[in-house]
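Down below is the structure, laid out as structure tokens.
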Amino acid sequence: MINEKMKKVSPSIDEWLKEAKADPRALQEGMFLVHNGVVRQTPKAMVRQGIDDGSLVKGMEFAYDSVRVDEAIAETYKRDGIFYVKVWLNEGQLEVGDDIMYVLIGGDIRPHVVDALQFLVEKIKTECVTEIEQKL
């Protein structure tokens with residue numbers, strides 16, 4: 003059950019980048035991009051569809067399917083020019099301002115890395131996670 007999980011401590015992006023640059027594939031990489039998703043106060047319906055019901059988000063219950071996340075990562079590695087992928091997802095009861103996810107993508111050129119980051123974050127958000135907003 004979601005409520006029984008405790009939120010995690012966020013990773014160090016500096017450490018992630020050191021690790022990525024030490025990887026043997028790093029010699030083929032010309033760019034790294036990081037995505038950091040954060041719990042925001044504005045409801046998803048307002049941001050995505052312009053629906054304003056007057057509410058604000060006070061927190062969120064967050065869970066993910068690790069098998070589906072691993073599949074999404076494997077699919078991302080199949081994209082042109084992508085040599086490094088790392089994902090961290092939080093879980094449990096999160097508050098506004100808490101980190102939801104970090105994604106690091108390393109690849110050869112900017113268009114490949116930008117596209118891969120967009121692809122993976124979208125796939126995680128739409129196919130791998132459950133987010134239940136709690137409103138004020």
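Just so we're aligned, residue 3 is where the sequence shown starts under our numbering, counting upward by one.
Even glycine gets a Cβ: it sits at the ideal position worked out from N, Cα and C.
Only residues of its own chain outside the window of five on either side were considered, and among them Trp90, Tyr104 have a CB closer than 7 Å to the CB of Pro13, listed in chain order. Distance from the CA atom of Ile75 to the CA atom of Glu133, rounded to whole angstroms, is 20 Å. Relative to Glu17, the option among Thr128, Leu106, Lys80 whose CA is nearest is Leu106. Note on geometry: alpha-carbon atoms of Gly61 and Pro45 lie some 10 Å from one another.
Counting along the chain, the unbroken beta strand (DSSP E) around Gln136 starts and ends at 131-137. With a beta-carbon spacing of about 6 Å, Asp110 and Gln30 fall inside the 8 Å limit used to define contacts. Secondary structure in the region 52-99: the beta strand (DSSP E) runs of 3 residues or longer, each lying completely within the stretch, are 59-66, 84-91, 94-97 in chain order. Taking a contact to require three or more Cβ pairs closer than 8 Å, the region 108-122 and the region 18-38 qualify as touching. DSSP places Leu29 outside any alpha helix (DSSP H), giving it a letter other than H or E. Taking a C-beta distance under 8 Å as the contact criterion, Val36 and Ile15 qualify as a contact pair.
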